[in-house]
Amino acid sequence: MVEMALKSFLTFFVTIGPIEAAVLFATLTPKMPYDVRRGIAIRATLIASCILAVFTLFGDPILSELGVSLAALQTAGGIILLLIALDMIFARPGGAIKLTPPEGAEAQTKDDIAVFPLATPLIAGPGAMSAGILLTANAHGEPLGVAIVAASLAAVMVVTLVLLILANELNHLLGITAQRVLIRVFGILLAAIAMQAVFNGISASGIIHR
213 MVEMALKSFL TFFVTIGPIE AAVLFATLTP KMPYDVRRGI AIRATLIASC
263 ILAVFTLFGD PILSELGVSL AALQTAGGII LLLIALDMIF ARPGGAIKLT
313 PPEGAEAQTK DDIAVFPLAT PLIAGPGAMS AGILLTANAH GEPLGVAIVA
363 ASLAAVMVVT LVLLILANEL NHLLGITAQR VLIRVFGILL AAIAMQAVFN
413 GISASGIIHR
C-alpha cells in the first residue's frame with residue numbers, strides 16, 4: 213500500500229505540475245495584491261479538485277459502461293502520460309503541459325483567471341484526468357486502494373494550493389534553471405510510470421502470450 217501511495221502521489225504531482233502552475237500563476241498576476249492572488253489560488257484549486265475528483269472516482273465506471281476494458285485504459289493512459297513526460301523532458305514549446313499561444317493571450321486579458329487557464333487546463337489537464345482514471349482502475353475497485361488514490365490527489369492539491377499562494381516567492385527562489393531541472397527529473401520518473409502502465413495494459417490484453 214505504501215508503494216501504491218507513493219506511485220499515486222508522484223503520478224498526480226508530475227501530471228498536475230504544482231511548481232509549473234505556480235510559476236505561470238506568478239507571471240499572470242505580477243501586480244495583483246496578495247489577498248486577490250490568494251483568493252484566485254483558492255478558487256482555482258477547489259475547482260480543479262472537483263474536476264479531478266469526478267474523473268478519478270467516476271471515470272472508470274463510465275468507461276466500463278462504454279465497453280472500454282482495463283487493459284485498453286491502461287495502455288491509452290500510459291501513452292498519454294508518456295507524451296506528457298516527453299514534453300517535460302525535452303521542454304517542448306506548446307507541449308501538453310503548457311498553454312498554447314491563443315490560450316496564453318486569452319489568459320492575459322481575463323480579470324479572473326481562476327477557472328481559465330488556472331483550474332483547467334493548467335491544473336486539471338488531460339494528463340491529470342487520465343492519471344486519475346488509470347490509478348483508480350489499477351486499484352481494481354478495492355475500497356482501500358481507491359481511498360489511497362483519492363488521498364494522494366488531495367495531498368497533491370494541498371501542495372498545489374500552498375505553492376500557488378507562495379508563487380511569487382517560489383518563482384524568485386528557484387529561478388529558470390532550477391525549474392527546468394526539476395521538470396526534467398519529474399518527466400523521467402513519469403516516463404517510467406507511463407511505460408509500466410503500457411506494459412501492464414498489453415500484458416492484460418492477452419495480445420502477447422507468454
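In this text, residue positions in the sequence shown follow the numbering used here: the first is 213, and each later residue adds one.
We put the beta carbon where it would ideally sit given N, CA and C, even for glycine.
Quick caveat, the model's predicted, so the values are computed rather than measured.
From residue i to residue j, what distance separates their C-alpha atoms?
i, j, result
"THR287", "ALA349", "12 angstroms"
"ALA362", "LEU285", "19 angstroms"
"ALA416", "PRO338", "24 angstroms"
"GLY399", "ASP247", "33 angstroms"
"THR257", "SER281", "31 angstroms"
"THR241", "ARG249", "7 angstroms"
"GLN408", "LEU386", "31 angstroms"
"LEU334", "ALA233", "7 angstroms"
"ILE231", "ALA303", "15 angstroms"
"VAL371", "GLY413", "30 angstroms"
"THR239", "GLY344", "28 angstroms"
"GLY289", "LEU402", "12 angstroms"
"ALA308", "MET213", "Residue placement at ALA308 is flagged as unreliable, the pLDDT there being 49, under the threshold of 50; the coordinate-derived value follows with that caveat. The alpha-carbon atoms of ALA308 and MET213 are separated by roughly 30 angstroms."
"VAL410", "VAL235", "31 angstroms"
"SER276", "THR389", "43 angstroms"
"GLN391", "ASP272", "34 angstroms"
"HIS384", "VAL393", "15 angstroms"
"ILE377", "LEU218", "25 angstroms"
"SER364", "LEU293", "17 angstroms"
"ALA351", "LEU222", "16 angstroms"
"ILE291", "LEU278", "20 angstroms"
"PRO355", "ALA283", "20 angstroms"
Inspect the beta-carbon positions of residue i and residue j and report whether they are closer than 8 angstroms.
i, j, result
"ALA297", "ALA406", "yes"
"ILE228", "VAL327", "no"
"LEU330", "ILE274", "no"
"LEU375", "LEU382", "yes"
"MET300", "ILE419", "no"
"MET216", "GLY357", "yes"
"ILE263", "THR332", "yes"
"SER261", "LEU347", "no"
"ALA379", "PHE237", "yes"
"VAL397", "PHE225", "no"
Kindly confirm or deny that the region 328-347 and the region 267-282 touch, where touching means at least three C-beta pairs closer than 8 angstroms. yes
Report the residue ranges of all alpha helix (DSSP H) runs contained in full by the region 319-374; include only those spanning at least 4 residues, in chain order. 338-350
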